[in-house]
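Residue numbers for the sequence shown follow the working numbering, so the first one is 6 and each next one is one higher.
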Amino acid sequence: MMLWAIIGGVMLKGIEKKIDVVIENLRKNHFKVINTETPAEAKEEVLKLVAEGDVVGVGGSMTIRSIDIIDELINAGNRVIHHWLPKTFIDEIRDARRRAVRVSDVYLTSTNAITLDGELVNMDTYGNRAAGMIYGPPKVIIVAGYNKIVRNVEEAFKRIRSETAVKNAERLGIDAPENLTKIAAIMYQKPNDTDITIVLVNAELGL
């Protein structure tokens, strides 16, 4: 049975076809792309990209949590800066959020959406994740499942506001999902001076 994927009203023949289109356009937009079948393979690719001794900053990302990579980085001798701490550690969370962008060699995160044209779309509360991806650490690694693929920028914002923000608000106990979408950033192409690798996984990951 042939699998068809419908993205924003555009029917593509098979999930593989959809992913192929996105990879081609991401590369046209000067992003490096690695395609893996499983989250476990994605983790291995990320570990290869992080050098011994690198300081790794991690953005708030359910995708990164789901691939269980933090402990492996620490065990490999990397210093990891993240803000996944209990809410009572307000000052520590705020400090980690800033340091992850300012002092890291590598920034590890996901993206809210990837368009068929190879654009990355993100919305944020503080701007730390958007800043880290665009002009923070010299190397950025973005891990994303195929569920993040959307037709265009308009559909990306719709998905983020109506699905991602709502689910994250429920998870975090926030009454107003719009508080999670204060900052918007679109990368039409890779920014100059930032080395960005996208690890695109043929599986659903994150929100």
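We put the CB at the ideal spot given by N, CA and C, even for glycine.
Among G137, V145, V155, the one whose alpha carbon lies nearest that of N117: To locate residue 117, count along the sequence shown from 1; it is residue 112. The shortest C-alpha separation from N117 is found at V155.
Rounded Cβ spacing between T68 and V148 (contact assumed at less than 8 Å): For the purposes of this step, residue 68 is taken as the residue at position 63 of the sequence shown. For the purposes of this step, residue 148 is taken as the residue at position 143 of the sequence shown. Confirmed, Cβ separation roughly 5 Å.
Cβ shell of I24 (< 8 Å), same chain only, five flanking positions each side left out: For the purposes of this step, residue 24 is identified with residue 19 of the sequence shown, where counting begins at 1. Counting only Cβ-Cβ distances below 8 Å, and skipping sequence neighbours, we find N40, Y151, I154, L205, N207.
Which residues DSSP lists as bridging M213, in chain order: Residue 213 cannot be examined here, being either before or after the span of the chain that is shown, 6 to 212.
Alpha-carbon to alpha-carbon, G123 and E175: Numbered from 1 along the sequence shown, position 170 holds the residue referred to as residue 175. Numbered from 1 along the sequence shown, position 118 holds the residue referred to as residue 123. One C-alpha to the other measures close to 29 Å.
F94 to E50 span [Cα, whole Å]: The residue you call residue 94 lines up with position 89 of the sequence shown. The residue you call residue 50 lines up with position 45 of the sequence shown. Interpretation of F94 is limited by its pLDDT of 48, a score under 50 that renders its predicted location unreliable; the figure taken from the coordinates is listed afterwards. Each residue's alpha carbon lies about 32 Å from the other.
C-alpha gap between V63 and S115, whole angstroms: Within the sequence shown, residue 63 is the residue found at index 58, counting from 1. Within the sequence shown, residue 115 is the residue found at index 110, counting from 1. Between V63 and S115, the C-alpha separation is close to 9 Å.
Identified DSSP bridge partners for V206: Within the sequence shown, residue 206 is the residue found at index 201, counting from 1. Answer is T41, G150, bridged to V206.
Pair within 8 Å by beta-carbon distance, I188 and G132: Taking the sequence shown and counting its residues from 1, the one referred to as residue 188 is at position 183. Taking the sequence shown and counting its residues from 1, the one referred to as residue 132 is at position 127. Yes.
contact_flag[the segment 50 to 59, the segment 190 to 201] where n(CB pairs < 8 Å) is 3 or more: no
Alpha-carbon spacing of E46 relative to S71, whole angstroms: The residue given as residue 46 occupies position 41 in the sequence shown. The residue given as residue 71 occupies position 66 in the sequence shown. Their backbone Cα atoms lie some 13 Å apart in a straight line.
Exposed unless 16 or more other CB atoms sit within 10 angstroms - verdict on L212: Mapped onto the sequence shown, residue 212 falls at position 207. By the neighbour-count rule (16 or more Cβ atoms within 10 Å), L212 is buried.
Straight-line gap, A181 to T130 (C-alpha atoms, nearest Å): Counting from one through the sequence shown, the residue named residue 181 turns up at place 176. Counting from one through the sequence shown, the residue named residue 130 turns up at place 125. Each residue's alpha carbon lies about 12 Å from the other.
Where A189 sits in the DSSP three-state scheme: Indexing the sequence shown from 1 puts residue 189 at position 184. If DSSP states are grouped into helix, strand and coil, A189 belongs with the strands.
Backbone secondary structure at G58 - three-state DSSP: For the purposes of this step, residue 58 is taken as residue 53 along the sequence shown, with counting starting at 1. In the structure shown, G58 sits in coil (DSSP, three-state: anything other than H, G, I, E or B).
Contacts around E77, its chain only, beta-carbon distance under 8 Å, and the 5 residues preceding and following it disregarded: Your numbering for residue 77 matches position 72 in the sequence shown. Once the five neighbours on either side are set aside, the close Cβ partners of E77 are K48, L52.
Whether R32 touches V38 by CB criterion (8 Å): Working through the sequence shown from its first residue, we reach residue 32 at position 27. Working through the sequence shown from its first residue, we reach residue 38 at position 33. In this structure, V38 lies closer than 8 Å to R32 by Cβ.
N- and C-terminal bounds of the alpha helix (DSSP H) containing Y112: For the purposes of this step, residue 112 is taken as the residue at position 107 of the sequence shown. No alpha helix (DSSP H) holds Y112; the beta strand (DSSP E) holding it covers 111 to 114.
Span separating the alpha-carbon of E168 from that of P142: As a working mapping, residue 168 is identified with position 163 in the sequence shown. As a working mapping, residue 142 is identified with position 137 in the sequence shown. Straight-line Cα distance between these residues: approximately 29 Å.
Nearest-angstrom Cα separation, counted from V106 out to R84: Translated into positions along the sequence shown, residue 84 becomes position 79. Translated into positions along the sequence shown, residue 106 becomes position 101. Roughly 14 Å separates the two Cα atoms.
Given V145 as reference, the closest of N34, V61, I20, H88 once Cα atoms are compared: On the sequence shown, residue 145 is found 140 positions in, with the first residue counted as 1. Residue V61 is the option with its Cα nearest to V145.
Limits of the unbroken alpha helix (DSSP H) element including A161: Here residue 161 corresponds to residue number 156 of the sequence shown, with the count starting at 1. 158 to 164 is the extent of the alpha helix (DSSP H) around A161.
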